[in-house]
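*Asks:* Under this note's numbering, the very last position in the sequence shown is 138; numbers go up by exactly one each time. Each residue gets a CB set at the ideal place from its N, CA and C atoms; glycine is no exception.
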Amino acid sequence: MILFSLALTLSAVPDKTCNLSAQWGTKLPRKSADAYAVRDNGGQALWGFIRASDTALEDFASGAGRETPHRPIILYAADTDCAVVERYAAIIEAAANCAPDWCVVSYKPAPSTRQKSDS
């Protein structure tokens, strides 16, 4: 049973990597609920639930880079073209002065962005 679970876990990891600088880590933080999530929304970035132009993404990342202690920034890259991922990564990296322990790329699907209704 353990081997079956391990096989499912390993098969769920996409066989994709994009060309990012060494300032990007791949080990997700344990407390990723406190992290900033960045994902693609059809060619425009989402910073959490907020649509972000390249300029806004730079502003958000710059603010995150000034926080002490740093909250992780997770760039979700699954199902996104590497050119788009690399563009977002370059913007975030330059604005936030990334380090691999808090700027992280994930090739797993992003958690659901839908908010539950109260009804």
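Would you mind working out which of P130, V57, A115, V103 sits nearest A71, comparing C-alpha positions?
*Replies:* Mapped onto the sequence shown, residue 71 falls at position 52. Selected option, being the one with the closest Cα: V57.
*Asks:* Measure the C-alpha to C-alpha separation of P88 and W43 and round it to an integer number of angstroms.
*Replies:* Position 69 of the sequence shown, counted from the first residue, corresponds to residue 88. Position 24 of the sequence shown, counted from the first residue, corresponds to residue 43. About 18 Å.
*Asks:* For a quick check, are the C-beta atoms of I110 and L76 less than 8 Å apart?
*Replies:* Within the sequence shown, residue 110 is the residue found at index 91, counting from 1. Within the sequence shown, residue 76 is the residue found at index 57, counting from 1. Yes, the pair counts as a contact, with Cβ atoms nearer than the cut-off.
*Asks:* Rounded to the nearest angstrom, how far is the Cβ of D53 from that of R90, given a contact under 8 Å?
*Replies:* If you number the sequence shown from 1, residue 53 lands on position 34. If you number the sequence shown from 1, residue 90 lands on position 71. The pair is a contact, with the Cβ atoms about 6 Å apart (cut-off 8 Å).
*Asks:* Please go through the same chain and pick out, in chain order, the residues whose beta-carbon is closer than 8 Å to the beta-carbon of A97, but skip the five residues on each side of it.
*Replies:* Residue numbering aside, residue 97 sits at position 78 when the sequence shown is read from its first letter. Contacts found: P33, K35, S125, Y126, K127, P128, A129.
*Asks:* Where does G44 fall in DSSP's three states?
*Replies:* In the sequence shown, the residue the question calls residue 44 occupies position 25. Three-state DSSP puts G44 in a strand.
*Asks:* Tell me whether D100 is buried or exposed, calling it buried when 16 or more other Cβ atoms sit within 10 Å of its Cβ.
*Replies:* Within the sequence shown, residue 100 is the residue found at index 81, counting from 1. Exposed, because fewer than 16 other Cβ atoms sit within 10 Å of the Cβ of D100.
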